[in-house]
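Student: Chains as they are written, first to last, in our numbering: chain A, 92 to 408; chain B, 140 to 691.
Even for Gly, the Cβ is constructed at its ideal location relative to N, Cα and C.
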């Protein structure tokens, strides 16, 4: 007589390999579309990472990046021994923090304002006009800044003079550099950056606003209690990503805008690397400082992600 | 969704994947252009024959370099002044024709050459026969890496024309010789006596303020001229505030050091005094006096207020509006500035509006115009070259008198005639219609060659040519410390400290002139330089200069 068990028979667990194969087979076309980008990132981002080894070597051109003597942290120590290490780090952090402080909220506020516009035609015109500056190249943008803020014939100084004040030499006064840099960056990017927030706001359930109207709360409170909380996930994620760029002030724009007269506030890590490392063909030094830069950025992102996960349960990973 | 639709979507997805994947492997666009220019149509050949009974062609310094056409490849800059492609430059094609060379030129735009060439040399893969360097390989990293072939023996055996150049420019050979006595590069050679950097004054402005150019002899006289220009509507356009008494771009300020006996330009601020001691001009008391002078000019609006950010476009716009009272620049630019101010200015009959003047006498009696280091860019023969001997012969030929005349005066019978042994330029050369000379290759520096001093001045009006050759040439101050290679230990000192010190020099130059840093803090400035190990840098330059003088 066949004895039956009183307990449910455990099915034999399906081997993970077969689960993986079935998932791959089920979504094969999606993975096939993803494949080129995976190859791209492996070839152009992950494989070149091995070249970071020159940050710890005394790299000589022509010998290859895997040859040369090991020098350990020599280049990092040389960077910190430089009288300009503190200044470049300070300028980099300050410019990034100003961009974060002033540049991060503006697209959010602009998106909120845009979403409140009822006239569709006007809304589209404003939106389009706002993100057109994003497509102006850095060189053209800096050229515009140089022309507008020139002391002799710049339109800004012409207006200042008409108002009865003295002309200001914006371009060679260190006090104005960060303002010009951050301000022009905000002007060129706030419209394009607001697109993602506009999309997030568009996805909010309208019934929440209807309920709020019924309860009689003001427009401002609607924004504060409904709009902002509903897009908080987007805000937090973009904030974390922005933190990952704190130590990476863009080289091109600073390089085009700065001169020895404004080094005090304009000289950042990337421009210092360019002068000390690239112009002198000291690639090991440039790599070492660049690696240091990236590690600091990563630590910011990691910390911000952890804090965000602990406090808001929203995180990148 | 029907199965047919599903299949269609799948096919579209797969096609998209294929396109995206293939795009990853598509070749990137090349920044360079490659031109092949042929001296003759015969095939590539060498200079020697396998048959021992066939006489071997012997190069003796003149064309041709070989009895068979030789193909040579070169990576170089396209030279900012070039209007046509190299293959269309008649004068240079004539050079290749005579040399029996097929030159394959890989040209990079000069504005991005440095950024392109450095990584290519760092990778050292598939380089052509000849490469133009960006910079001078100061720390000999390329030399030590073996990218370039040693040329010492080639200089001794085949350097017929280069040797003559070294006799004329006595410091040049020691500049390109390594501490252990080897040579790896061939220089482009600048003329040093004919195209000096001098003070040029707007003659119309001088007349407008009731002065004469001959009255402006000292720094104090010059200051009075600047004040007069600043206070009057010297260009008569009803705007008395638009004149720029002294125009400068960043980088021009240092040239003024010559009036205080300082060389702040080509040697990075280091100079060898008459007693053999090397000093740093940026820490000298005379430099402080020079800064005080310019600070005064800046405060009184006599110095162009945007000098820190001015560029060529700014300069051209100011000349077009006749706003410039004076500037220091290459004397050869005098006629160009005059033409920009007044397109009707007659090159053959009128005196230039922007005139070079007899050098001012400085506070210490220095009366100079600034020459230059003869050493220009460097070219090297790479280890990938299969026949470096033949390539070197071609390069040596480019330094011959024949090539000099051909590339600066043109073709005899077309561009000039020889009258009693002297060169008489024809109208096609002088008139220079539609940039004729530039199109032929005049002043092309993308190949190892040299500036012919007489040829450089040939394009100038009589006034400028006479001034340069007969007056200014007496006052030429060339750099006392020319480029030289240093020992590895010296290079480590340079690499560790020099870039920071140069940053300190340049930002404090601006700060002192604009007044954002007071000259009362001079002692602090000197202390900071000492803390930045300036004395070690000076010691390195002293040792290198002593070696260069000994090897002269």
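1. Leaving out five residues before and five after residue 371 of chain B in sequence, what residues of the same chain have Cβ atoms less than 8 angstroms from its Cβ?
2. Taking Cβ-Cβ distances shorter than 7 angstroms, what residues in chain A pair up with residue 152 of chain B?
3. Residue 207 of chain B touches chain A at which residues, Cβ-Cβ below 8 angstroms?
4. Check whether the Cβ of residue 151 of chain A lies closer than 8 angstroms to any Cβ atom in chain B.
5. Kindly say whether residue 262 of chain A, judged by its beta-carbon, lies nearer than 8 angstroms to any beta-carbon of chain B.
6. Which same chain residues end up closer than 7 angstroms to residue 399 of chain A when comparing Cβ atoms and leaving out the 5 residues on each side of it in sequence?
7. Looking at the unbroken beta strand (DSSP E) that takes in residue 337 of chain B, where does it start and where does it end?
8. Do residue 314 of chain B and residue 621 of chain B come within 8 angstroms of each other at the CB atom, strictly closer than that value?
9. Where in the segment 446 to 509 of chain B do unbroken runs of the alpha helix (DSSP H), each at least 4 residues long, occur, reported from the N-terminal end onward?
10. When the distance is taken between beta carbons, is residue 375 of chain A closer than 8 angstroms to residue 634 of chain B?
11. What are the boundary residues of the beta strand (DSSP E) that residue 394 of chain B is part of?
12. Determine the chain B residues that contact residue 366 of chain A at a beta-carbon separation under 8 angstroms, and present them in chain order.
13. Report the option in A:201, A:309, A:388 and A:265 whose CA atom is closest to the CA atom of residue 353 of chain A.
14. Report the residues of the segment 443 to 467 of chain B with a CB closer than 8 angstroms to any CB of chain A, ordered along the chain.
15. Entirely within the segment 253 to 319 of chain B and at least 4 residues each: give me those alpha helix (DSSP H) ranges in chain order.
16. Is DSSP giving residue 176 of chain B helix, strand or coil here?
17. Since residue 393 of chain B meets chain A, which of its residues come closer than 9 angstroms, beta carbon to beta carbon?
18. Taking 8 angstroms as the threshold (beta carbon to beta carbon), is residue 352 of chain A in contact with chain B?
19. Using a C-beta cutoff of 8 angstroms, does residue 490 of chain B count as contacting chain A?
20. Taking residue 100 of chain B as the reference, give the member of A:173, A:123 and A:117 with the closest Cα.
21. By DSSP, does residue 611 of chain B sit in helix, in strand, or in coil?
22. For residue 419 of chain B, which residues in the same chain have their Cβ closer than 7 angstroms to its Cβ, ignoring the five residues on either side in sequence?
23. Going by DSSP, what residues sit across from residue 329 of chain A in a beta bridge?
24. Taking the straight line between their C-alpha atoms, what separation do you get for residue 403 of chain A and residue 397 of chain A?
25. Give me the DSSP bridge partner(s) of residue 268 of chain A.
26. Between residue 190 of chain A and chain B, is the shortest Cβ-Cβ distance under 8 angstroms, so that the two count as touching?
27. In terms of residues, what are the limits of the beta strand (DSSP E) holding residue 698 of chain B?
28. Indicate, with yes or no, if the ligand PLP has a heavy atom lying under 7 angstroms from the CB of residue 300 of chain A.
29. From the beta carbon of residue 156 of chain B, is the nearest beta carbon of chain A less than 8 angstroms away?
30. In the DSSP assignment, the alpha helix (DSSP H) including residue 622 of chain B goes from what residue to what residue?
31. Examine chain A for any beta-carbon lying closer than 8 angstroms to the beta-carbon of residue 257 of chain B, and answer yes or no.
32. Between residue 492 of chain B and residue 480 of chain B, what straight-line distance do the alpha-carbon atoms span, to the nearest angstrom?
33. Using a threshold of 8 angstroms, state whether the C-beta atoms of residue 562 of chain B and residue 575 of chain B are closer than that.
34. When the Cβ atoms of the segment 272 to 284 of chain A are set against those of the segment 197 to 214 of chain A, are three or more pairs found closer than 8 angstroms?
35. So with Cβ pairs under 8 angstroms, would you call residue 167 of chain B a contact of chain A?
36. Could you pull the DSSP bridge partners for residue 411 of chain B from this structure?
Tutor: With the given structure in hand:
1. Same-chain partners within the cutoff: 347, 348, 379 and 382.
2. Going along chain A in sequence order, the residues near residue 152 of chain B (Cβ under 7 angstroms) are 120, 123 and 124.
3. Simply none; closest approach about 32 angstroms.
4. So yes, residue 151 of chain A belongs to the interface.
5. Chain B contact via Cβ: present.
6. Listed in chain order, the non-local C-beta contacts of residue 399 of chain A below 7 angstroms within the same chain comprise 327, 331, 405 and 406, local neighbours out to five positions each way being set aside.
7. Its beta strand (DSSP E) spans residues 336 to 341.
8. Residue 314 of chain B is positioned such that its CB atom lies closer than 8 angstroms to that of residue 621 of chain B.
9. List check, alpha helix (DSSP H) in window: 451 to 459 and 473 to 480.
10. Cβ distance not < 8 angstroms, so residue 634 of chain B and residue 375 of chain A don't count as in contact.
11. Counting along the chain, residue 394 of chain B falls outside any beta strand (DSSP E), and DSSP gives it neither H nor E.
12. What residue 366 of chain A touches in chain B: 638 and 642.
13. The candidate whose alpha carbon is nearest that of residue 353 of chain A is A:265.
14. Listed by position, the residues of the segment 443 to 467 of chain B near chain A (Cβ gap below 8 angstroms) are 444, 445, 447 and 448.
15. Those alpha helix (DSSP H) runs which fall completely within the segment 253 to 319 of chain B and span 4+ residues are 280 to 284, 291 to 297, 299 to 307 and 311 to 315.
16. Because the pLDDT at residue 176 of chain B is just 47, under 50, the model does not fix this residue reliably, and the value given afterwards should be weighed accordingly. In the structure shown, residue 176 of chain B sits in a strand (DSSP, three-state: E or B).
17. Those do not exist, as residue 393 of chain B stays about 12 angstroms from chain A at its closest Cβ, beyond 9 angstroms.
18. For residue 352 of chain A, the answer is yes, since a Cβ of chain B falls inside 8 angstroms of its Cβ.
19. So, not an interface residue.
20. Summary: the structure shown does not reach residue 100 of chain B, with chain B confined to residues 140 through 691, and so no result is reported for it.
21. In this structure, residue 611 of chain B counts as helix in the three-state DSSP scheme.
22. Setting aside the 5 residues that flank it on each side, residue 419 of chain B is surrounded in the same chain by 408, 409, 673 and 677, each with a C-beta closer than 7 angstroms to its C-beta; the list follows chain order.
23. Residue 329 of chain A is not bridged to any residue.
24. Roughly 10 angstroms between the two C-alpha positions.
25. Partner(s): none; residue 268 of chain A has no beta bridge.
26. Taking Cβ atoms only, chain B never reaches closer than 8 angstroms to residue 190 of chain A, which makes this a no.
27. Chain B is shown from 140 up to 691; residue 698 of chain B falls before or after that span and cannot be answered.
28. For the ligand PLP, the structure offers nothing, since it holds no ligand at all.
29. Under the 8 angstroms criterion on CB atoms, residue 156 of chain B is classed as interfacial with respect to chain A.
30. In the DSSP assignment, residue 622 of chain B falls outside any alpha helix (DSSP H), carrying neither H nor E.
31. Chain A contact via Cβ: present.
32. Residue 492 of chain B and residue 480 of chain B: Cα-Cα distance of roughly 8 angstroms.
33. Result no, Cβ atoms of residue 562 of chain B and residue 575 of chain B do not sit closer than 8 angstroms.
34. Short answer: they touch.
35. With a pLDDT of only 46 at residue 167 of chain B, under the threshold of 50, the placement of this residue in the model should not be trusted; the figure read from the coordinates follows. Cβ-Cβ to chain A under 8 angstroms: no for residue 167 of chain B.
36. Its beta-bridge partners are B:417.
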